[in-house]
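Please read the structure below before turning to the comments.
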Amino acid sequence: MSVLSEDHGLKIRPISKFIGAEVTGVDLTQPVDDATRRALRKAVVDNVALVIRNQKFTPAQFATAAEIFGELMPDQIKTNLIRDLPMVSILSNFEKDSNGNQAKTPKNAIWHTDHTNKERPPNYTFLYAVEIPEHGGGTSVVNMNAAYEALPSDKRAALDTMKTANVRVSSALLATANPDTLAEQKRLTATPMMHPLIRTHPESGKKAIWFHLSKTESVTGMNAHETQDFLNELLQETIKPEFEYTHNWTLGDMLIVDNRSAMHKAGVDYDMSQHRMLYRTMVMGDRPY
Ligand SMILES: [Fe+2]
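Just so you know, we're using our numbering here: the sequence shown kicks off at 449 and counts up by one.
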C-alpha cells in the first residue's frame, strides 16, 4: 500500500488571514506517514478550519481518516447513526422527529460548538458532503480567538471570569425544541456541565469565546432568558466578517473544525426541498479550561 507524504504532493494553502486552509494532494483512504500526520494536525490548529479536497469515502473510511487527529468520540444523538458504525452520524435536512415532522430550520443553523454538555467536548468535528443542494447550504466557521482578541481588555477581563452551565437544551428554548431532544433532556437528570465561557487552547495557549447557544442554560449570575440575550449580543458584537469562513460544499470535501478556537453553523440559504446530507464524526477532547 502506498504511503503518502509531503513529497507526494501534499499542499496546504491558507484561505484568509484569520481562518481556513485548503489541503490538496492527499488521499486519506490510504495510510499517511508521520510527516503528513504532523502537517495536517498543525494546519488545523494554526488555521482553525481545514478543507481537504477530493476525498472518496465510505462512512468507515471517513471515520478512519478522522482518526489521524485522535480518538473518535460517540455522538450523543443516537437516532442519526449509520448502521453498524456508531462513530459516524448523518446530518440531513430531511430528518424527521419521532412525530414525523421535519424541522423548518435545521437545529444546527445557529452558532455553536458541539457537545458542550459533555465533560470532554470534541477537539475536532469532521464533516463530509454526501449530497448538496444546487445553491447555498454552506457550513460557516468563525475564529473565536480572533473575536476574543479584538475586544477591549476590560471586556475580555469580565468575560474571563464567567462560567456556562450546559444542558441538552436550554429551558429558555423548550417551546421550540424538537420533541426527541425534550424527551432526552427529561431522561438526563445529571446536573449541568460547567465550563468556562472563555477557553484556552491547550496547544496554542490562545483564548477563545466558546459556547453552544441552545445548550447554555445559564452564564454566571443570569437566568436562562438573560443568558440567551447576553450570548446573542456577544455574537453580534464579536463576530466580524473577516473572522468567518463559509465553506460552500463540493462533493468530495472534508471539512475539519478545531472546536477549541471556533464556532460553526449550517447555512439555511437553500431550497429546502433539495437534500443536504453530510456525514459527521468527532474526535474526543479534554476538559476545557
Ligand atoms: Fe455542530
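Think of the CB as a built atom: it goes at the ideal place given N, C-alpha and C, for glycine as much as any other residue.
| query | Is Pro627 helix, strand or coil when you go by DSSP? | reply | As a first step, residue 627 is located in the sequence shown; it is residue number 179 there, counting from the start. Helix.
| field | Any non-hydrogen atom of ligand 1 within 7 Å of Thr573 CB | value | Along the sequence shown, read from residue 1 onward, the residue named residue 573 stands at position 125. Yes, since a heavy atom of ligand 1 falls inside the 7 Å radius drawn around the Cβ of Thr573.
| Taking Gly401 as the reference, which of Val731, Val716, Thr729 has the closest Cα? | Because the chain is modelled from 449 through 737, residue 401 falls outside the range shown and cannot be assessed.
| field | Per-residue burial, Glu519 [other beta carbons within 10 Å of its own, 16 or more giving buried] | value | Here residue 519 is taken as the residue at index 71 of the sequence shown, counted from 1. With fewer than 16 neighbouring CB atoms inside 10 Å of its own CB, Glu519 falls in the exposed class.
| request: Check each candidate in Val496, Asp475, Lys490 and name the one with the smallest Cα separation from Val705. | output: On the sequence shown, position 257 is the one that residue 705 refers to. Cα-wise, what sits closest to Val705 is Val496.
| field | Contact check, Met711 vs Met592, beta carbons under 8 Å | value | As a working note, residue 711 is residue 263 in the sequence shown. As a working note, residue 592 is residue 144 in the sequence shown. Pairing Met711 with Met592 gives a Cβ-Cβ distance under 8 Å.
| message | Just verifying my parser: in three-state terms, what is the DSSP assignment at Leu607? | response | Here the question's residue 607 lines up with position 159 in the sequence shown. DSSP places Leu607 in helix when its eight states are reduced to three.
| request: Have a look at Lys603, Gly584, Arg708 and flag the residue whose alpha-carbon is nearest the alpha-carbon of His643. | output: Translated into the one-based positions of the sequence shown, residue 643 becomes position 195. When each option's Cα is compared against that of His643, the closest is Arg708.
| task | Within 10 angstroms of the Cβ of His660, are there 16 or more other Cβ atoms? Answer buried if so, exposed if not. | result | Taking the first residue of the sequence shown as 1, we reach residue 660 at position 212. Answer is buried; the Cβ neighbour count reaches 16.
| request: Taking all protein chains shown into account, decide if Gln676 is buried (16 or more other Cβ within 10 angstroms of its Cβ) or exposed. | output: The residue labelled residue 676 in the question sits at position 228 within the sequence shown. Buried, because 16 or more other Cβ atoms sit within 10 Å of the Cβ of Gln676.
| Same chain only: Cβ atoms within 6 Å of Asn502, ignoring 5 sequence neighbours per side | Taking the first residue of the sequence shown as 1, we reach residue 502 at position 54. Hits under 6 Å: Gly700.
| Roughly how many angstroms separate the alpha carbons of Leu703 and Tyr576, rounded to a whole number? | Position 255 of the sequence shown holds residue 703. Position 128 of the sequence shown holds residue 576. If I take the Cα positions, the gap works out to 6 Å.
| By how many angstroms is the C-alpha of Ile687 removed from the C-alpha of Glu597? | Against the sequence shown, residue 597 aligns to sequence position 149. Against the sequence shown, residue 687 aligns to sequence position 239. Linking Glu597 to Ile687 through their CA atoms gives a straight-line distance of about 11 Å.
| said: Using only the alpha-carbon positions, how far apart do Arg604 and Lys459 sit? | reply: Taking the first residue of the sequence shown as 1, we reach residue 604 at position 156. Taking the first residue of the sequence shown as 1, we reach residue 459 at position 11. Near 36 Å, if we compare the C-alpha coordinates of Lys459 and Arg604.
| Buried or exposed by the 16-neighbour rule on C-beta atoms within 10 Å, applied to Pro581 | For the purposes of this step, residue 581 is taken as residue 133 along the sequence shown, with counting starting at 1. Looking at its Cβ environment, which holds 16 or more other Cβ atoms inside 10 Å, Pro581 is buried.
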